[in-house]
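To keep things clear, I will list the structure first and then write my remarks on it.
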Amino acid sequence: MLIRALDDAYTTSPKVGGLASGGRAPGETQLFAGKEIHSVGAVGLVLRGNIVMDTIVAQGCRPIGAPLFVTWAENNVLCQLEGRRATEVLSELYDSLSSDDQKLFRRSLHLGVVMQEGEQEYRHGDFLMRNVIGMDPESGVLAVGEQLENGQVVQFHVRDAKTSASDLEAMLSRCKQDLGTASPEGALLFSCLGRGESLYGVVDHDTNLITSSLGSVPIGGFFCSGEIGPVGGRSFLHGYTSSIAVFRPQYSQLG
Numbered sequence: 001m002l003i004r005a006l007d008d009a010y011t012t013s014p015k016v017g018g019l020a021s022g023g024r025a026p027g028e029t030q031l032f033a034g035k036e037i038h039s040v041g042a043v044g045l046v047l048r049g050n051i052v053m054d055t056i057v058a059q060g061c062r063p064i065g066a067p068l069f070v071t072w073a074e075n076n077v078l079c080q081l082e083g084r085r086a087t088e089v090l091s092e093l094y095d096s097l098s099s100d101d102q103k104l105f106r107r108s109l110h111l112g113v114v115m116q117e118g119e120q121e122y123r124h125g126d127f128l129m130r131n132v133i134g135m136d137p138e139s140g141v142l143a144v145g146e147q148l149e150n151g152q153v154v155q156f157h158v159r160d161a162k163t164s165a166s167d168l169e170a171m172l173s174r175c176k177q178d179l180g181t182a183s184p185e186g187a188l189l190f191s192c193l194g195r196g197e198s199l200y201g202v203v204d205h206d207t208n209l210i211t212s213s214l215g216s217v218p219i220g221g222f223f224c225s226g227e228i229g230p231v232g233g234r235s236f237l238h239g240y241t242s243s244i245a246v247f248r249p250q251y252s253q254l255g
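Going by my numbering, the first residue of the sequence shown is number 1, and it counts up by one from there.
Written as structure tokens, this is what we have:
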């Protein structure tokens, strides 16, 4: 509700952030707003003036198979893809994978949902990643962590440490190209608790990727229990994601 309200209130502005982590029970996590401390709610900051905020949402997934049209869905239940039972399509896809990808399929299967229809091809960042949370072999349906609609384009994905790293590298490379000659002045990194040393085996992995790509830019942020960032012009709550804001001047103040 909050994310949707922010999109309604600030329709042309990107939103980046995260859910505070660290508490083991409700009320244990503390939020700081100036000199005030809160145990519930949200803290936000609206920026305006000579500033542009570019966003990166690295969801850490790699596509398997081909993009498919949803031909029958009810709420978050995927019934048919391309006119075939969803589990039938999924089983056929599994059989076509390498043994390594089959292992990833069994433990980290996701469905990417295209948020901006009509593209000739789909790239990193075009999909909203959601877990495949269950299936019914008898009826042939899949349960997904997102509301689906007939006619949407979807594609199955898998996730692992190598994929997460290469996905972020690709997103940073695209950001650097978009920046052109502009120099970033700072960045905020909101990264999932499921990333970091527990995933990569080293500390500061995502932070080091940012500085190696964008230069020695000051970085702040925290590990989150859910990350907020835009996909296809709309803001969403993500998981296992690094959501990044890169700040630069809108125009030069020289002269």
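Just so it is clear, CB atoms sit at the ideal spot from N, CA and C, and this is done for glycine as well.
Note that the coordinates shown come from a computational prediction; the quantities given were computed from them, not determined experimentally.
Quick check: is the beta carbon of residue i nearer than 7 angstroms to any beta carbon in chain B?
| i | result |
| --- | --- |
| V158 | The chain inventory of the structure shown lacks chain B, comprising one protein chain alone. |
Report the rounded CA-to-CA distance for residue i versus residue j, giving the unit in angstroms.
| i | j | result |
| --- | --- | --- |
| A33 | G17 | 15 angstroms |
| L31 | S235 | 22 angstroms |
| S242 | F127 | 15 angstroms |
| V217 | G194 | 24 angstroms |
| L189 | E74 | 35 angstroms |
| V46 | T87 | 45 angstroms |
| A9 | D95 | 47 angstroms |
| R48 | P230 | 19 angstroms |
| Q152 | M115 | 8 angstroms |
| S213 | P184 | 11 angstroms |
Could you tell me how far apart the beta carbons of residue i and residue j are, in whole angstroms, since I believe they sit closer than 8 angstroms?
| i | j | result |
| --- | --- | --- |
| N150 | V70 | 6 angstroms |
| R219 | V158 | Inspection of the sequence shows that residue 219 is occupied by Ile rather than by Arg. Not quite, the Cβ-Cβ distance comes to about 28 angstroms (not below 8 angstroms), so this is no contact. |
| M342 | C224 | Residue 342 cannot be examined here, being either before or after the span of the chain that is shown, 1 to 255. |
Given a threshold of 16 other Cβ atoms within 10 Å of its Cβ, counted over all protein chains shown, does residue i qualify as buried or as exposed?
| i | result |
| --- | --- |
| D178 | exposed |
| V144 | buried |
| L199 | buried |
| I133 | exposed |
| M1 | exposed |
| T181 | exposed |
| I210 | buried |
| D167 | buried |
| K35 | exposed |
| A42 | exposed |
| V162 | Strictly speaking, residue 162 in this sequence is Lys, with Val absent from that position. Its Cβ having fewer than 16 others within 10 Å, K162 is exposed. |
| I37 | exposed |
| D206 | buried |
| A245 | buried |
Using C-beta distances below 7 angstroms, list every residue in its chain close to residue i, excluding the 5 sequence neighbours before and after it, in chain order.
| i | result |
| --- | --- |
| L93 | I64, G65 and F156 |
| G239 | C192 and G226 |
| M171 | I56, A58, H124 and G125 |
Which same chain residues end up closer than 6 angstroms to residue i when comparing Cβ atoms and leaving out the 5 residues on each side of it in sequence?
| i | result |
| --- | --- |
| N50 | P249 and Q250 |
| D160 | L104 |
| V89 | L81 |
Give the DSSP bridge partners of residue i, in chain order.
| i | result |
| --- | --- |
| D163 | Contrary to the premise, residue 163 reads as Thr rather than Asp in this sequence. Paired residues: none, contrary to the question. |
| V70 | L81 |
| G18 | E227 |
| F247 | M53 and G186 |
| L142 | L78 and M135 |
| R4 | Its beta-bridge partners do not exist; DSSP assigns none. |
| P63 | H157 |
Give every residue of the same chain whose Cβ lies closer than 8 angstroms to the Cβ of residue i, excluding the five residues on either side of it in the sequence, and list them in chain order.
| i | result |
| --- | --- |
| V77 | V141, L142, A143, V144 and L148 |
| G27 | S39 and V40 |
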